[in-house]
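In my numbering, the protein residues as written are 4 to 209.
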């Protein structure tokens, strides 16, 4: 009988150990499931917040774009009333009188602008439509034959007339005029003390 009792006690102890182990595993599973559910809920909340923020950002971007459009329209209207013409991100003013290159540039600077810089064929075609011989913001007055724009950048794209620049007979032809009656290649270096019409350029405010 004692042996049976000892065996039963041992069996009960083993069963108890198994039951406790299963209980601990089930408890861990419950905790893991609870943590998973909490994380899923938090992720859903974060996704909702992200979606809301994305929607708000889209609305703000739309409002910003509308404001930029309105500002650009106001700028265009304002400068148009003062005789400026808009083209491809800049405003241009064409003079009605003639001055030397430096005095022309001074006039542009007084208007928070500068002599025109030509960066493309389209811009070259644009200035030709004014049908005037005009100064542009190109000179080699600092170093002979090193042509620079008024913003300090070196000349890369050019539209020289055939045989130009030539500093004709050493006449200190350090400034550039462009005409409208020749081909697209219509730049000519001339003496800066000559008098021409001029074109000012003002970048649209960002």
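Where is the CB? At the ideal position from N, CA and C, for every residue including glycine.
Between the alpha carbons of residue 86 and residue 194 lies a distance of about 28 Å. Note that the C-beta distance between residue 116 and residue 96 is below 9 Å. Taking the Cα of residue 139 as reference, the smallest distance to any Cα among 178, 114, 160 is reached at 178. In this chain, the beta strand (DSSP E) harbouring residue 93 covers 93 to 97. In this model, residue 143 and residue 88 are separated by some 28 Å (Cα to Cα).
DSSP lists 199 as the bridge partner or partners of residue 102. Boundaries around residue 129 are those of the alpha helix (DSSP H), 124 to 131, since no beta strand (DSSP E) includes it. For residue 138, the enclosing beta strand (DSSP E) starts and ends at 137 to 142. In the three-state DSSP reduction, residue 26 falls in the helix class (H, G or I).
Going by C-alpha positions, residue 105 is about 54 Å away from residue 56. In the DSSP annotation of this structure, the continuous segment of the beta strand (DSSP E) that includes residue 90 starts and ends at 88 to 90. In terms of CA proximity to residue 156, 141 leads the group 165, 141, 168, 147.
In the structure shown, residue 187 adopts coil according to DSSP, grouped into three states.
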